[in-house]
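Structure first, then comments.
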Amino acid sequence: QDKLYEVTFMGEYAQDAGGPYRETFDMYMEELQSTALPLLYPPPNRTHAAGECRDRWILHPNALSTLELEMYCFFGKITGIAIRSRGFLNLNLSKFIWKLIAGEEPTITDLRMVDESFVDNSLIELRDPPEGVTPENFEYTYCLTYDCLGTDEDSNNVHELVPGGKDISVTWDNRLEYIQLLQDFRLHEFDRQASAIRQGLATVIPLSLINTIS
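Okay, so the sequence shown: first residue is 11 according to our numbering, each after it adds one.
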């Protein structure tokens, strides 16, 4: 529970009795929850001004380089250190992300608190289309194929749900399979990033405690 380091801010000569040390953790969290680092990302609910939990943060869907995964691992270590030293992190992660870090399975309810529009329009509506959409005109109404955009909605980053998915049309008969594949993709889009954080946490605290903490 001891401090990892002593802090002296430039131009300040106060003795570090704990205040400056804790302030550095606040600075880490401020950087993380901004565009200064590529690790956290605002949820679509904030972008679309719709749904709940707009003030929360999620993991960046495209932060998958070796360096970025190492940064997530270090993020986990910092979080573990805060837990060990009974410090508090001003970290406003979505419940969806905490579940992934804890090794739990997120639900559609959790996903809805991240991206309500996706759940309503891409999952619920396709399962039970509105009046006027029939088996005969379904394909032409929605014009979908077995691929999708990620949470960041970057049109340059399209994900195929099955090999050759961009050439497979979604029809009335296969729509339930498509919905399931789409749902699975979005529920596990951040698995590698969350696993890296979990790996970092495991170097500081026993993994058996993570579920309790989350």
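The beta-carbon is built from N, C-alpha and C at its ideal position, and this holds for glycine as well.
In this structure, the beta-carbon distance from ASP36 to ASN102 does not fall below 8 Å. The beta carbon of ILE215 sits closer than 6 Å to the beta carbons of GLY90, ILE93 from its chain, once the five residues preceding and following it are set aside; these are given in chain order.
For GLU114, the three-state secondary structure derived from DSSP is coil.
Annotation for GLU170: the continuous beta strand (DSSP E) segment containing it runs 168-170. In this structure, DSSP gives TYR150 a helical state, which the three-state scheme calls helix.
Contact between TRP67 and LEU50 holds: CB atoms are separated by about 4 Å, below the 8 Å threshold.
Spanning the alpha carbons of ALA204 and PRO145 requires a straight line of approximately 39 Å. Note on PHE98: under 16 other CB atoms within 10 angstroms of its CB, so exposed under the neighbour-count rule. Below 8 Å, enough C-beta pairs join the stretch 122-137 and the stretch 61-75 to call them touching: three or more. Rounded to whole angstroms, PRO53 and ASP201 show a C-alpha spacing of 16 Å.
By the Cβ neighbour-count rule, ASP120 is buried, with 16 or more other Cβ atoms within 10 Å of its own. PRO71 sits buried, since 16 or more C-beta atoms from the chains shown fall within 10 Å of its C-beta. Straight-line spacing of the CA atoms in ILE189 and ASP12 works out to 50 Å. In this structure, the CA atom of ASP194 is about 11 Å from the CA atom of GLU187.
Around the beta carbon of ARG122, 16 or more other beta carbons lie within 10 angstroms, which makes this residue buried.
Residue pairing for LEU159: DSSP places it in a beta bridge opposite VAL168. The Cβ atoms of SER132 and THR155 lie no closer than 8 Å to each other. Assigned with DSSP and collapsed to three states, TRP67 falls in strand. Rounded to whole angstroms, the separation of the alpha carbons of SER165 and SER44 is 23 Å. If only uninterrupted beta strand (DSSP E) runs of at least 3 residues are considered, none is enclosed by the stretch 68-140. For the pair ALA112 and ILE207, the CB atoms are not nearer than the 8 Å cut-off.
By the CB criterion at 8 Å, PHE85 and GLY175 fall outside the cutoff.
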